[in-house]
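For what it's worth, my numbering labels the leading residue of the sequence shown as 15, then goes sequentially. In this text, a Cβ means the ideal position worked out from N, Cα and C, and glycines have one as well. Everything below concerns the one structure shown next.
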Amino acid sequence: MNVLAFFAVGLVVHVVFFASIFDIYFTSPLVHGMTPHTAPLPPPAKRLVLLVADGLRADAFYRPEAHGTSRAPFLRGIIEGKGSWGVSHTRVPTESRPGHVALIAGFYEDVSAVAKGWKENPVEFDSVFNESRTTWSWGSPDILPMFAKGATGDHVHTFTYPAEKEDFAAKDASKLDTWVFDEVKAFFESAKENKTLLSRLREDKIVFFLHLLGLDTNGHAHRPMSRDYQENIRVVDAGIAELVSWFEEFFENDGKTSFVFTSDHGMTDWGSHGAGHPSETLTPLLAWGAGIKSAQRVAEQHFEDNFLQEWKLEGVRRLDVNQADIAPLMSSLIGVPMPLNSVGTLPLEYLNNGDHFRAECLYANALQILEQFKVKMAQKKEMTLSFFFTPFHSLRESEQEVFTRNVTSLIQQQRYDEAISLCHALIRLALEGLAYYHTYDRLFLGSSVVLGFVGWTSYVVLVVLKTHTSLRKPPAGREEISSSSLGKAFVGIALLITVFLLIQASPWTYYAYSLLPVPVWYAVCKEYRTFTSLLGSVSDYPLKQCAGFVLVAVLGVELLVMTFFYRAVLTVGLVALAGWPVMSTLCRRAKAESARWILGCVFLATFPLMPVVGREPSTSLVICAAALTLVISALFLWKSRSAAPQHWKDSSLYVLQMFHVVLCAGVLNSTHSSLHQKQGLPVFNQLVSWATLASSFIVPLMSSTRLFQRLLSLFLSLESTYLLLSTGYEALFPLVLSWLMFVWINIEQETIKIQGPSSKLKLSGIDFSENIDISKIRQLRLDDIRRSYFFVFFIITAFFGTGNIASINSFDPASVYCFLTVFNPFVMGALMMWKILIPFVIVMCAFETIQVSTQLSSKSLFLIVLVISDIMALHFFFLVKDYGSWLDIGTSISHYVIVMSMTIFLLVLSVLAQVLTSKRIYLDRRMKLHFT
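Listed below in structure tokens is the structure:
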């Protein structure tokens, strides 16, 4: 198999393994075809007003100011008088779309949405809005349309402002909220003159939804502790007070309006959200009006978070709920069916109606969840052979009938407390059953993927041993396993798997996961004799050496795995790497380079100990990084020109790039200063930023392809872009990483011996554009495994050096303010992805340089990297959780996805690194570009 074919097959294999996680863990939990259920008794309210203050933290809302007054006096009065309050606990990811879906549709993040987009759910779903007679909604164009799109008929009406209003550089983002209140007021004023609209407003089962985005925008732009954020809370409170008076006047104080005030997610102190910090997952919930209990006085109450004393609410009963529980609460208040996909449990403590009404509503809630369980069970039973099907034992059809019959009987006997208790038990079992059938195929698919993983890794090891090492080959004439008989056996296995999947009407993706191991293991078994003979060559090495090597390899892989859980492990690893020259003979042969290596490792080891990016923006650190970049680049240029003037005849490009670094630092400082003064994003700064991003791919290709010249140009270009995307200490990270990579390139020259010291390549004489002499490419040695391990370690350091999974998920828009301030998740996300990839590119280019300078085949080193990455991926596949907290589950899945993505990206980045190092753009006298 040639190189291109091998890498093409490898890419396909890893794409299939990567896609498998979506079928095993990222499948939509939603089912369709259920019968709606509602309580048979008349509801307490005719209309519901849902107010969602996007990005409002529970503590920011409930905590009084220093002098004891509340930032929201009207709503504080509701808490202490005629309403019920508590904390709504959200789930990860704490983003606007999944938060609103949980509130209004009653189910948590549909994990299949990760591949579908930001603004809407990938499948149709039911919601309180859809079940209402009519819903009117006002607010953001990012949230409202997805509930109107999924609704049947034309009864969900949306009024949105232009997307351009969502500007993080706006002088007063609270105007987004005042716009909503003004539009609602204008709507009711127009209704007085419109008999048709007036008639519709007088009907029952009506919902009004006000999405208030100002707090989220101010929180991102100025942080939740800022005056802007605090003042925005006052604006929301005053707007709601006025809104309540409009409703009372318009509906003539009929007492048939229920109000629910909450938030989709909170926000960290540094103005981001998306992860599982309590500041992000704890949101306020306040309900009052028709059907809601008034404030309940208590002598004492206890919660683990101990917030009550801080909030001065010890004497008012706190009623906490899960975010999805709010949907069935709203449904019960206006008497519409529970959303068909809701998994929330009705919080009875909020209802002021009698026990009969509460029992009937919870029974409807239980039946609605049981309907989902029945549909899910029927689907799985239909797709599974009868003798293979294992039902959920705790809730068989007979048990379902017993539950429903007993609840009905208890309600008829007016034994409401017992009926409520039984409904809670039924809901718990139905939810457990839903989870059981949702993960029913997980063992089968997981086993197929693991089998394929092990087979592929074994095949790569075989290729490495057979084609890139000088180990002993099997004796000539030794009999191989018959290819024809082996082929027939594996064809038979493939046919059996195919028939099995056809009978079960499995999705087409199941065929890929189940059949992929067949050809992979055929390739391994076909070379069985060769494989065993090559492994037998290991006996040539001393037992202690082999055992030590295996022990170091195991510890090394485990250290890489641990870095995903604890960033500080990177520090331990870098300190250990710093001792490498001391443990070897490098300290004696290359004292200066060894000292630089130790210092570089120690400096880089400090970054994983720092807080994740975005906690405290500091443009001064970014300016410092730019100044150090300028000084180091100037010293490097001067020293290199002095050492080899013939290679540095034209240095104008590098000088211009250094001045460009200064310009970028000035643009960043100017941008943040302008935004701080609320003067918006200067157009010149925006133009420079986008021009820098675009030129970062082109300018390095205009430099010389000699090693030092090209690497300097690449560094300056990437650092310029990184500065514009930085907010603090992370701007120093690529500078220190690049220094260490440069030292690594130099120090590897001291470790390589081909035919003697005289044959060692001189770095300054290497030209990336020249093809390596194939006759001088050497075989792999044990030391090359160490080089590959260093590369994987540095790649992970590049990823986790200044952040972690939570910081990547917890998006901070301040990083992209030099490029845009108007909210655009796709563009902002793309910019952040490029920021993450820049350190990857630096490490990749360094590894490409080492391959060239040490005269190694790029394929041979990369195969070792592939083996290490696949072992890590298999490790994380076993560590994936489907139990515990949502954060634990999401994090474990993210680890596997990141490693698999890294493996696939390394295939792509290796090509990118070759282009960035070896290709060149020429500009002739007629100003025409030529690419070579």
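Specify, as a first and last residue, the run of the beta strand (DSSP E) that residue i falls within.
i, result
"ALA519", "Per DSSP, ALA519 belongs to no beta strand (DSSP E) and is neither H nor E."
"TRP753", "Unbroken run through TRP753 is the alpha helix (DSSP H), 747 to 765; no beta strand (DSSP E)."
"PHE467", "Looking at the DSSP string, PHE467 is not in any beta strand (DSSP E); the run it does join, the alpha helix (DSSP H), is 456 to 481."
"LEU333", "From DSSP, LEU333 is part of no beta strand (DSSP E); its letter is neither H nor E."
"SER272", "271 to 276"
"LEU158", "Premise fails: LEU158 lies in the alpha helix (DSSP H), 158 to 163, not in any beta strand (DSSP E)."
DSSP state of residue i, grouped into three classes?
i, result
"SER293", "helix"
"ALA313", "coil"
"ASP242", "helix"
"ASP781", "strand"
"VAL866", "helix"
"ILE712", "coil"
"SER435", "helix"
"TYR936", "strand"
"ARG486", "With a pLDDT of 48 at ARG486, under the threshold of 50, the predicted position of this residue should be treated as unreliable, and no value is reported."
"ARG610", "helix"
"GLY153", "strand"
"ALA59", "coil"
"TRP302", "strand"
"VAL66", "strand"
"ASP181", "strand"
"ASN367", "coil"
"SER42", "coil"
"GLY97", "strand"
"VAL596", "helix"
"VAL23", "helix"
"HIS171", "strand"
"HIS287", "strand"
"PHE813", "helix"
"PHE223", "strand"
"THR148", "strand"
"VAL357", "coil"
Have a look at the options and flag the residue whose alpha-carbon is nearest the alpha-carbon of residue i.
i, options, result
"PRO827", "GLY233, THR104 and LEU70", "GLY233"
"HIS51", "ALA378, GLY570 and SER709", "ALA378"
"GLY113", "VAL702, ALA338, ASP369 and PHE890", "ALA338"
"THR104", "THR276, PHE504, ALA80 and GLY269", "THR276"
"PRO625", "LEU226, ALA606 and THR741", "THR741"
"THR149", "VAL198, ALA116, TYR175 and ASP156", "VAL198"
"THR108", "VAL697, LEU777 and THR282", "THR282"
"GLN386", "GLY368, ASP334, ALA449 and CYS437", "ALA449"
"HIS225", "THR172, SER272, LEU726 and ARG214", "THR172"
"LEU333", "PRO353, MET352, SER308 and GLU324", "SER308"
"ARG456", "PHE840, LEU651, LYS394 and GLY368", "LYS394"
"LEU751", "CYS615, PHE804, SER98 and LYS326", "CYS615"
"VAL330", "GLY97, THR512 and ILE907", "GLY97"
"GLY817", "LEU796, ASP278, LEU834 and PRO853", "PRO853"
In or out: residue i buried (at least 16 other Cβ within 10 Å) or exposed?
i, result
"MET847", "exposed"
"ALA844", "exposed"
"LEU399", "exposed"
"ASN267", "exposed"
"VAL26", "exposed"
"TYR542", "exposed"
"LEU227", "buried"
"ASN699", "buried"
"ARG720", "buried"
"TYR451", "buried"
"LEU516", "exposed"
Counting along the chain, where does the alpha helix (DSSP H) carrying residue i start and finish?
i, result
"GLY680", "666 to 690"
"THR104", "First-last for THR104: undefined, no H or E at that position."
Are three or more beta carbon pairs between the segment 310 to 319 and the segment 346 to 361 nearer than 8 Å? no
Quick one: any contact between the segment 728 to 743 and the segment 569 to 578, if contact means 3 or more CB pairs under 8 Å? no
Given 8 Å as the limit, is there contact between the segment 293 to 310 and the segment 239 to 249, that is, 3 or more CB pairs closer than that? Because the criterion of three Cβ pairs below 8 Å is not met, the segment 293 to 310 and the segment 239 to 249 do not touch.
Counting pairs of Cβ atoms below 8 Å between the segment 694 to 702 and the segment 713 to 720, do you hit three or more? no
Are three or more beta carbon pairs between the segment 88 to 105 and the segment 422 to 442 nearer than 8 Å? no
Contact the segment 575 to 594 vs the segment 920 to 936: 3+ CB pairs below 8 Å: no
Between the segment 853 to 862 and the segment 797 to 817, do at least 3 Cβ pairs fall closer than 8 Å? yes
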